[in-house]
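*Asks:* Have a look at this one.
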Amino acid sequence: EFECRTSRFSPHFSFAVWLTMFKTARVALFRSSRVAQVGLTNRHIEWHNVRNQAEDPFDFSPELYPEVYKILAKFPETKKQSAIMPLLHLAQRQNGGWIPLPAMLKVAEICGVAQKRVFEVSTFYCMFNHRPVGTYHLQVCMTTPCMLRGSDDLLHGLCHHLGVGEEEVTPDGMFSVCEMECMGACVHAPMICISDYSKPPNYRYDYIEDLTLEKAIEVVENLRRGIYPSCEYPKGGSVLGRFGSLPTPGRTALKEPLRGPYCRDLNAEPEAPKA
Numbered sequence: 006e007f008e009c010r011t012s013r014f015s016p017h018f019s020f021a022v023w024l025t026m027f028k029t030a031r032v033a034l035f036r037s038s039r040v041a042q043v044g045l046t047n048r049h050i051e052w053h054n055v056r057n058q059a060e061d062p063f064d065f066s067p068e069l070y071p072e073v074y075k076i077l078a079k080f081p082e083t084k085k086q087s088a089i090m091p092l093l094h095l096a097q098r099q100n101g102g103w104i105p106l107p108a109m110l111k112v113a114e115i116c117g118v119a120q121k122r123v124f125e126v127s128t129f130y131c132m133f134n135h136r137p138v139g140t141y142h143l144q145v146c147m148t149t150p151c152m153l154r155g156s157d158d159l160l161h162g163l164c165h166h167l168g169v170g171e172e173e174v175t176p177d178g179m180f181s182v183c184e185m186e187c188m189g190a191c192v193h194a195p196m197i198c199i200s201d202y203s204k205p206p207n208y209r210y211d212y213i214e215d216l217t218l219e220k221a222i223e224v225v226e227n228l229r230r231g232i233y234p235s236c237e238y239p240k241g242g243s244v245l246g247r248f249g250s251l252p253t254p255g256r257t258a259l260k261e262p263l264r265g266p267y268c269r270d271l272n273a274e275p276e277a278p279k280a
């Protein structure tokens, strides 16, 4: 009976199904995926860069050491490995937006952990850069909501406009472009994050949302002219001026001011019972 039921599926049908599944899986794996393009090739770690040798000296600047001690003081003596991530951020800030190998070794020394523990953290999170980046590092969100809203075109269009590949720096050192994981503004997809490393160790991250390629290029050209995009609250980073998850035309419901919750006065005298 089982053979009779399954015999209606021809070999051609089975092959077509498997071929479709294979193509779908291949697209999902290699479609502008950071795992496929960066993680599997390890090109996010530039071990042989002339400025990235283990024997090169690195230490936190005297101005930043108070912040190092402040970070370490947050954790018990036996849990200093918890300081790895904030110390890596500090090293990246000092170094103009990227973490060289000597900085990772220094963090391991300060935290008293094996070097591989720092490598594990540093290479897992895509916000840590392991090669020099531009003064303005443009990070394009490539997770599902942004991808469905055209972040592929945004990434490739920015690279084409700047004349660089992913994770490459423009000849003037001003811009670099890379992929980024979800940044939590899916209702305003697609979006980019601008990391400003123009004044290390100070830095700033700003999120520009509801982007089209034309708007993204306009932001880049304004940065060239020294005009920084306005991302102040409550407007946020939406180029359409949207706030929260409002639809593009604005409110379509609940247009009138909402009455706040009713709260009785606990100190008021109780009302007399009605006759």
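Sequential numbering from 6 applies to the sequence shown in this note's numbering. Note that beta-carbon positions come from the ideal geometry of N, C-alpha and C, so glycine has one too.
Short of 8 Å in beta carbon distance, which residues of its chain neighbour Gly265, apart from the five on each side in sequence? Order them along the chain.
*Replies:* By 1-based counting over the sequence shown, the position of residue 265 is 260. Excluding positions up to five away in sequence, the list is empty.
*Asks:* List the whole-angstrom C-beta distance separating His142 from Tyr202, where the pair is believed to meet the contact cut-off of C-beta under 8 Å.
*Replies:* Start at 1 with the first residue of the sequence shown, and residue 142 comes out as number 137. Start at 1 with the first residue of the sequence shown, and residue 202 comes out as number 197. About 7 Å separates the two Cβ atoms, so the contact holds.
*Asks:* Could you tell me the distance, in whole angstroms, from the CA atom of Met196 to the CA atom of Cys268?
*Replies:* If you number the sequence shown from 1, residue 196 lands on position 191. If you number the sequence shown from 1, residue 268 lands on position 263. Straight-line Cα distance between these residues: approximately 41 Å.
*Asks:* Measure the alpha-carbon distance for Glu2 versus Tyr130 and round it to whole angstroms.
*Replies:* In the structure as shown, the chain begins at 6 and stops at 280. Residue 2 is therefore absent and cannot be evaluated.
*Asks:* Which residue marks the beginning of the alpha helix (DSSP H) containing Ile222, and which one marks its end?
*Replies:* Residue numbering aside, residue 222 sits at position 217 when the sequence shown is read from its first letter. Counting along the chain, the alpha helix (DSSP H) containing Ile222 begins and ends at 218-229.
*Asks:* Specify the secondary structure class of Cys151 as computed by DSSP and reduced to three states.
*Replies:* Translated into the one-based positions of the sequence shown, residue 151 becomes position 146. Of the three classes helix, strand and coil, the one that applies to Cys151 here is helix, per DSSP.
*Asks:* Check whether the Cβ atoms of Asp211 and Val244 sit closer than 8 Å, and answer yes or no.
*Replies:* The residue given as residue 211 occupies position 206 in the sequence shown. The residue given as residue 244 occupies position 239 in the sequence shown. No, the Cβ-Cβ distance between Asp211 and Val244 is not below 8 Å.
*Asks:* Check the C-beta distance from Val182 over to Val192 and give it rounded, since I have them as a contact under 8 Å.
*Replies:* Here residue 182 is taken as the residue at index 177 of the sequence shown, counted from 1. Here residue 192 is taken as the residue at index 187 of the sequence shown, counted from 1. Contact doesn't hold; Cβ gap of about 24 Å is too wide.
*Asks:* If the criterion is Cβ atoms closer than 8 Å, does the pair Leu153 and Glu184 meet it?
*Replies:* As a working mapping, residue 153 is identified with position 148 in the sequence shown. As a working mapping, residue 184 is identified with position 179 in the sequence shown. It is not a contact, given that the beta carbons lie outside the stated cut-off.
*Asks:* What separation, rounded to the nearest whole angstrom, lies between the Cα atoms of Ile222 and Gly178?
*Replies:* Within the sequence shown, numbered from 1, the residue matching residue 222 stands at position 217. Within the sequence shown, numbered from 1, the residue matching residue 178 stands at position 173. Using only the alpha carbons, I get a separation of about 17 Å.
*Asks:* Tell me Arg209's beta-bridge partners as DSSP assigns them.
*Replies:* As a first step, residue 209 must be located in the sequence shown, where it is residue number 204. Its beta-bridge partners are Asp201.
*Asks:* Consult DSSP for Glu114 and reduce its assignment to one of helix, strand or coil.
*Replies:* Start at 1 with the first residue of the sequence shown, and residue 114 comes out as number 109. DSSP places Glu114 in helix when its eight states are reduced to three.
*Asks:* Give the DSSP-derived three-state secondary structure of Leu271 in the structure shown.
*Replies:* For this step, residue 271 is matched to residue 266 along the sequence shown. It is coil, neither helix nor strand.
*Asks:* From what residue to what residue does the alpha helix (DSSP H) around Phe180 run?
*Replies:* To locate residue 180, count along the sequence shown from 1; it is residue 175. No alpha helix (DSSP H) contains Phe180, which is instead part of the beta strand (DSSP E) from 180-185.
*Asks:* Would you list the one or two residues that DSSP bridges to Leu143?
*Replies:* Position 138 of the sequence shown, counted from the start, is the residue given in the question as residue 143. Paired residue(s): Val182, Ile199.
*Asks:* Buried or exposed: Thr140, going by 16 or more other Cβ atoms within 10 Å of its Cβ?
*Replies:* As a working mapping, residue 140 is identified with position 135 in the sequence shown. So Thr140 counts as buried.
*Asks:* Whole angstroms are fine: how far does the CA of Pro252 sit from the CA of Pro206?
*Replies:* By 1-based counting over the sequence shown, the position of residue 206 is 201. By 1-based counting over the sequence shown, the position of residue 252 is 247. Rounded to whole angstroms, Pro206 to Pro252 spans 38 Å at the Cα level.
*Asks:* The alpha helix (DSSP H) with Cys164 in it runs from where to where?
*Replies:* As a position in the sequence shown, residue 164 is number 159, starting the count at 1. First-last of the alpha helix (DSSP H) with Cys164: 156-167.
*Asks:* Just confirm the distance between the C-beta atoms of Glu186 and Thr148, as a whole number of angstroms; I'd bet it's less than 8 Å.
*Replies:* Mapped onto the sequence shown, residue 186 falls at position 181. Mapped onto the sequence shown, residue 148 falls at position 143. With a Cβ gap of about 6 Å, Glu186 and Thr148 count as contacting.
*Asks:* Roughly how many angstroms separate the alpha carbons of Gly242 and Leu263, rounded to a whole number?
*Replies:* Here residue 242 corresponds to residue number 237 of the sequence shown, with the count starting at 1. Here residue 263 corresponds to residue number 258 of the sequence shown, with the count starting at 1. Roughly 26 Å between the two C-alpha positions.
*Asks:* What residues match up with Ser250 in a beta bridge as DSSP calls it?
*Replies:* Within the sequence shown, numbered from 1, the residue matching residue 250 stands at position 245. Answer is none; Ser250 lacks a bridge partner.
*Asks:* Taking C-alpha atoms, which residue in Lys84, Lys79, Leu92 lies nearest to Ser66?
*Replies:* Here residue 66 refers to the residue found at position 61 when the sequence shown is read from its first residue. Answer by Cα proximity: Leu92.
*Asks:* Tell me the residue span of the alpha helix (DSSP H) that contains Ser127.
*Replies:* Numbered from its first residue, the sequence shown carries residue 127 at position 122. Where Ser127 is concerned, the enclosing alpha helix (DSSP H) stretches over 120-129.
*Asks:* Using only the alpha-carbon positions, how far apart do Tyr233 and Val224 sit?
*Replies:* Taking the sequence shown and counting its residues from 1, one reaches residue 233 at position 228. Taking the sequence shown and counting its residues from 1, one reaches residue 224 at position 219. Between Tyr233 and Val224, the C-alpha separation is close to 8 Å.
*Asks:* Does the beta-carbon of Lys111 have 16 or more other beta-carbons within 10 angstroms, so that it is buried, or is it exposed?
*Replies:* Taking the first residue of the sequence shown as 1, we reach residue 111 at position 106. With 16 or more other Cβ atoms within 10 Å, it is buried.
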